[in-house]
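A.B. asks:
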Amino acid sequence: MAKVKTTFFCQQCGNQSAKWLGKCPNCQEWNTYVEEVVEKTKSGETWRDEKTKAKALPLSEVNYISFPRIKIADPELDRVLGGGMVPGSVVLVGGEPGIGKSTLLLQMALRMPEHKVLYVSGEESQLQIKMRAERMPWKSTDCFILAETDLNAIFSQAKNIRPDLVIIDSIQTLTSSSIDSSAGSVSQIRECTGELLRYAKEKEVPVILIGHITKDGQLAGPKVLEHMVDTVLQFEGDRHHAYRILRAMKNRFGSTAEIGIYEMKSSGMQEVANPSEVLINRGETSLSGTAVAATIEGIRPLMIEVQALVSSAVYGTPQRSSTGFDLRRLNMLLAVLEKRCGFRLGMQDVFLNIAGGIRVDDPGIDLAVIAALLSSHEDIPVSSDLCFAAEIGLTGEVRPVPRADQRIAEAQKLGFRQIMVSGYSRKALEGQHTGIEVIFVNKVDEAFTRLFG
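Each residue of the sequence shown is one higher than the one before, starting from 1 at the first, in this note's numbering.
#1: Below 8 angstroms, can you find three or more Cβ-Cβ pairs linking the segment 316-328 to the segment 351-361?
#2: Going by the beta-carbon positions, is the gap between Ala-257 and Ile-365 smaller than 9 angstroms?
#3: Would you kindly report the start and end of the unbroken beta strand (DSSP E) that includes Gly-320?
#4: Could you check if Leu-287 belongs to the surroundings of the ligand COA, using beta carbon to heavy atom distance under 8 angstroms?
#5: Helix, strand or coil, according to DSSP, for Ala-291 in the structure here?
#6: Would you call the CB atoms of Leu-451 and Leu-374 closer than 9 angstroms?
#7: Short of 7 angstroms in beta carbon distance, which residues of its chain neighbour Leu-490, apart from the five on each side in sequence? Order them along the chain.
#8: Leaving aside the five residues before and after Thr-214 along the sequence, list all residues of the same chain whose C-beta is less than 8 angstroms from its C-beta, in chain order.
#9: Taking 6 angstroms as the limit between beta carbons, can you name the residues of its chain near Leu-92, skipping five residues before and five after?
#10: What residues match up with Met-269 in a beta bridge as DSSP calls it?
#11: Straight-line CA distance for Ile-189 to Leu-127?
#12: Please tell me whether Val-421 and Ala-404 are closer than 9 angstroms, where the distance is taken between their beta carbons.
#13: Suppose you measure from the CA of Asn-281 to the CA of Arg-252; what does that come to, to the nearest Å?
#14: Assign Asn-331 to one of three DSSP states: helix, strand, or coil.
#15: Could you compute how far the alpha carbon of His-241 sits from the alpha carbon of Leu-279?
#16: Who are Gln-126's beta bridge partners in DSSP?
#17: From the DSSP secondary-structure annotation, give me the bridge partner or partners of Ala-389.
#18: Determine the DSSP secondary structure at Thr-449, reduced to helix, strand or coil.
#19: Give me, in chain order, the residues of the same chain whose beta-carbon lies closer than 7 angstroms to that of Ala-368; leave out the 5 immediate sequence neighbours on both sides.
#20: Roughly how many whole angstroms lie between the Cα atoms of Ile-167 and Ser-255?
#21: Does DSSP classify Gln-11 as helix, strand or coil?
#22: Suppose you measure from the CA of Leu-197 to the CA of Leu-165; what does that come to, to the nearest Å?
#23: Look at the alpha carbon of Met-1 and the alpha carbon of Val-80, and state the distance between them as a whole number of angstroms.
#24: Would you check if the distance between the CB atom of Ile-370 and the CB atom of Leu-394 is smaller than 9 angstroms?
#25: With which residues is Val-90 paired in a DSSP beta bridge?
#26: Determine the closest residue to Phe-298 out of Lys-443, Ile-70, Met-249, Tyr-199, with distance taken between C-alpha atoms.
#27: For Met-71, which three-state DSSP category applies?
#28: Looking only at its own chain, which residues have a Cβ that is under 7 angstroms from the Cβ of Pro-381, when we skip the five neighbours before and after it?
#29: Looking at C-alpha atoms only, which residue of Leu-386, Thr-103, Asn-15 is the closest neighbour of Ser-121?
#30: When DSSP labels each residue in this structure, what does Met-1 get in the three-state scheme?
#31: Can you name the start and end residues of the alpha helix (DSSP H) that Pro-275 belongs to?
#32: Which same chain residues end up closer than 8 angstroms to Phe-448 when comparing Cβ atoms and leaving out the 5 residues on each side of it in sequence?
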C-alpha cells in the first residue's frame with residue numbers, strides 16, 4: 001500500500017512546510033499550521049485553447065485597449081464596485097451564513113439579460129436555485145445554472161457557453177484534480193482560486209467568488225486568497241434586522257469607502273435608495289437619549305440615529321456596552337465628559353446603539369453620541385429638528401469634520417432646521433446654507449449649554 005503523502009500549510013499565508021511549526025517563518029503568526037493530505041497530479045485544464053509562453057515587453061510596446069466596464073442593473077453593487085465590473089477582474093464576496101450572499105448574486109445574474117452569466121453552485125441543486133429564482137421578479141434566458149464542484153467540469157461548461165460573467169458559490173466547495181485533498185482545504189482553495197484567476201485574466205471574463213467566513217468574522221482559507229483577488233466585498237448585517245450593508249474592503253479599480261445598503265425581502269434584496277429616511281425615526285414624540293448624526297460613507301452622506309441609555313449601576317461594577325460604535329471610542333468620550341466637563345458618569349451604566357443594525361466608524365458622529373449620552377443622563381430630549389456633525393477631541397474641544405457642507409445639505413434635504421458643527425469651521429460654512437440654521441460650538445460644555453440651558 002502506497003504511503004499517504006501529507007504536508008503542512010499555514011492558514012494565514014499559505015506557506016508550505018514538511019513538518020508542523022509553531023510559528024510560521026513567512027508571516028510570523030503562531031499556531032496556524034494544519035496538516036493536509038496532498039498529492040499533485042497533472043493538471044487537467046480544459047479551458048486553454050493553446051499553451052503560450054509569456055514574453056517580456058517594454059512598457060511602451062504594450063498594447064493598451066480600453067475595455068468598458070460591465071454595467072450592473074443593481075445601483076448599490078455598481079457603486080461599491082466603482083462603476084461596474086472590470087473585464088478580467090476577480091471579486092470575492094464574504095459574509096455570515098444566511099446573510100444573503102447567494103440571493104444577491106443570483107438576482108444580479110437575473111438582472112443582466114444582455115449578458116451570458118454562468119452561475120455555478122456547489123451547495124445547492126439546480127432545482128433549489130430555480131425555486132429561489134421563482135420568488136424574484138426578474139427573468140433571464142441568458143442565466144445558466146450549473147451544480148458542480150469539479151473545476152475541470154466547470155471550465156468545460158464555460159468553454160461551451162462562453163459566458164460574460166462567472167459566479168462561483170462558493171470557492172470552499174470546489175476541488176481541482178491536480179490536488180489530492182478535500183474541498184475547503186488550504187491547498188484546494190489556493191489552487192482553485194489560482195486557476196480561476198488565470199481564466200479571468202486570459203479570457204477577460206470577470207469572476208465573482210462567494211467565500212465563507214470563520215467564527216471570528218475573517219474569510220475562511222489562507223490569507224493569500226485576499227491578496228490574489230482584485231476586489232474583496234464584505235456583506236454585513238444582523239439577521240434580526242432587515243437591512244444589509246455591502247462594504248468594499250479592497251478594490252483595485254475603485255474606492256474602498258463606498259457602501260451599498262439593502263433591505264432583505266421575500267422577493268430578494270431591495271436597494272435602499274435613500275437610507276437616511278429609513279435609518280432615523282422622525283416621530284412626533286421626542287424621547288430622551290436619542291440624537292441624529294450626519295455621517296459620510298464614501299461619497300454618500302447619511303443621517304443615522306444614535307440611541308443612548310445612562311442609568312445607575314445596580315451591581316457595583318458599571319457596564320459599558322456599544323452596538324454599531326467602537327467601544328473604546330465610547331470609553332474615551334465618557335472620560336472626556338468626566339474630566340473636562342465635570343459629569344460624574346463613572347458609576348453609571350452606559351449603553352449605546354446605532355439604530356438600524358449598521359456599524360459606523362466615522363468620528364464625525366462624536367458630538368451626536370455626546371448629545372445622546374447627556375440627554376439620557378439629564379432625561380431631557382434633544383429637539384427632533386436638530387442634528388450633529390462634529391468630532392470630539394481629548395481636551396473637550398469640538399473639532400471640524402471633512403465634507404461638512406455635504407452633511408449640512410443632506411440634513412437640509414431631510415427637513416432638519418438646525419445642525420450643530422464645530423466653531424472652527426465657521427469661516428468655511430458661514431452664510432453658505434440659508435435653508436438651515438448652522439450652530440457653531442467650540443467646547444463640549446458650550447454644546448451642553450445650547451442644548452439643555
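The beta-carbon is built from N, C-alpha and C at its ideal position, and this holds for glycine as well.
C.D. replies: A quick look at the data gives this:
#1: Here the segment 316-328 lies against the segment 351-361, with 3 or more beta-carbon pairs under 8 angstroms apart.
#2: Counted from its first residue, the sequence shown places residue 257 at position 257. Counted from its first residue, the sequence shown places residue 365 at position 365. Contact: no.
#3: Taking the first residue of the sequence shown as 1, we reach residue 320 at position 320. Rather than Gly, the amino acid found at residue 320 in this sequence is Arg. Unbroken beta strand (DSSP E) run through Arg-320: 320-323.
#4: Ligands are entirely absent from the displayed structure, and the ligand COA is therefore not among its contents.
#5: In the sequence shown, the residue the question calls residue 291 occupies position 291. Note: Ala-291 maps to strand in three-state DSSP.
#6: Locating residue 451 in the sequence shown gives position 451, counting from the first residue. Locating residue 374 in the sequence shown gives position 374, counting from the first residue. Note that the C-beta distance between Leu-451 and Leu-374 is below 9 angstroms.
#7: Since the first residue shown for the chain is 1 and the last is 453, residue 490 is missing from the structure and cannot be characterised.
#8: As a position in the sequence shown, residue 214 is number 214, starting the count at 1. The answer, listed in chain order, is Ala-220.
#9: In the sequence shown, the residue the question calls residue 92 occupies position 92. Correct list, in chain order: Leu-209, Gly-211, Val-229, Val-232.
#10: Against the sequence shown, residue 269 aligns to sequence position 269. DSSP, once it has assigned bridges, lists Met-264 as partnering Met-269.
#11: As a first step, residue 189 must be located in the sequence shown, where it is residue number 189. As a first step, residue 127 must be located in the sequence shown, where it is residue number 127. Their backbone Cα atoms lie some 26 angstroms apart in a straight line.
#12: On the sequence shown, position 421 is the one that residue 421 refers to. On the sequence shown, position 404 is the one that residue 404 refers to. Yes. Within cutoff.
#13: Against the sequence shown, residue 281 aligns to sequence position 281. Against the sequence shown, residue 252 aligns to sequence position 252. Answer to the nearest angstrom: the Cα atoms are 37 angstroms apart.
#14: Within the sequence shown, the letter at position 331 stands for residue 331. Three-state DSSP puts Asn-331 in a helix.
#15: The residue you call residue 241 lines up with position 241 of the sequence shown. The residue you call residue 279 lines up with position 279 of the sequence shown. Roughly 12 angstroms separates the two Cα atoms.
#16: Residue mapping note: residue 126 aligns to position 126 of the sequence shown, counting from 1. Paired residue(s): none; Gln-126 is not in a bridge.
#17: As a working note, residue 389 is residue 389 in the sequence shown. Ala-389 pairs with Val-421.
#18: Here residue 449 refers to the residue found at position 449 when the sequence shown is read from its first residue. Look at Thr-449 here: in three-state DSSP terms it is helix.
#19: Taking the first residue of the sequence shown as 1, we reach residue 368 at position 368. Here the set comprises Ala-291, Val-292, Ala-293, Val-306, Phe-388.
#20: Within the sequence shown, numbered from 1, the residue matching residue 167 stands at position 167. Within the sequence shown, numbered from 1, the residue matching residue 255 stands at position 255. Distance between the alpha carbons of Ile-167 and Ser-255 is about 22 angstroms.
#21: Position 11 of the sequence shown, counted from the first residue, corresponds to residue 11. In the structure shown, Gln-11 sits in coil (DSSP, three-state: anything other than H, G, I, E or B).
#22: As a position in the sequence shown, residue 197 is number 197, starting the count at 1. As a position in the sequence shown, residue 165 is number 165, starting the count at 1. Distance between the alpha carbons of Leu-197 and Leu-165 is about 13 angstroms.
#23: Looking up residue 1 in the sequence shown gives position 1. Looking up residue 80 in the sequence shown gives position 80. Low local confidence applies: a pLDDT of 42 at Met-1 is under 50, so the model's placement there is unreliable, with the coordinate-based value given in what follows. About 54 angstroms.
#24: Position 370 of the sequence shown, counting from 1, holds the residue named residue 370. Position 394 of the sequence shown, counting from 1, holds the residue named residue 394. Going by C-beta atoms, Ile-370 is not nearer than 9 angstroms to Leu-394.
#25: As a position in the sequence shown, residue 90 is number 90, starting the count at 1. DSSP, once it has assigned bridges, lists Val-207 as partnering Val-90.
#26: Numbered from its first residue, the sequence shown carries residue 298 at position 298. It should be pointed out that residue 298 corresponds to Gly in this sequence rather than to Phe. Residue Met-249 is the option with its Cα nearest to Gly-298.
#27: Numbered from its first residue, the sequence shown carries residue 71 at position 71. Met is not the amino acid found at residue 71; the sequence shown has Lys there. Of the three classes helix, strand and coil, the one that applies to Lys-71 here is coil, per DSSP.
#28: Sequence index remark: in the sequence shown, residue 381 carries index 381 (1-based). Taken in chain order, the residues that qualify are Ser-286, Leu-287, Ser-288, Ser-375.
#29: Your numbering for residue 121 matches position 121 in the sequence shown. With distances taken between Cα atoms, Ser-121 lies closest to Thr-103.
#30: As a first step, residue 1 is located in the sequence shown; it is residue number 1 there, counting from the start. Confidence at Met-1 is low in this model, with a pLDDT of 42, below 50, so its placement is unreliable and the value that follows should be read with caution. It is coil, neither helix nor strand.
#31: Looking up residue 275 in the sequence shown gives position 275. Residues 275-279.
#32: Counted from its first residue, the sequence shown places residue 448 at position 448. Excluding sequence neighbours, Phe-448 sits near Cys-341, Leu-374.
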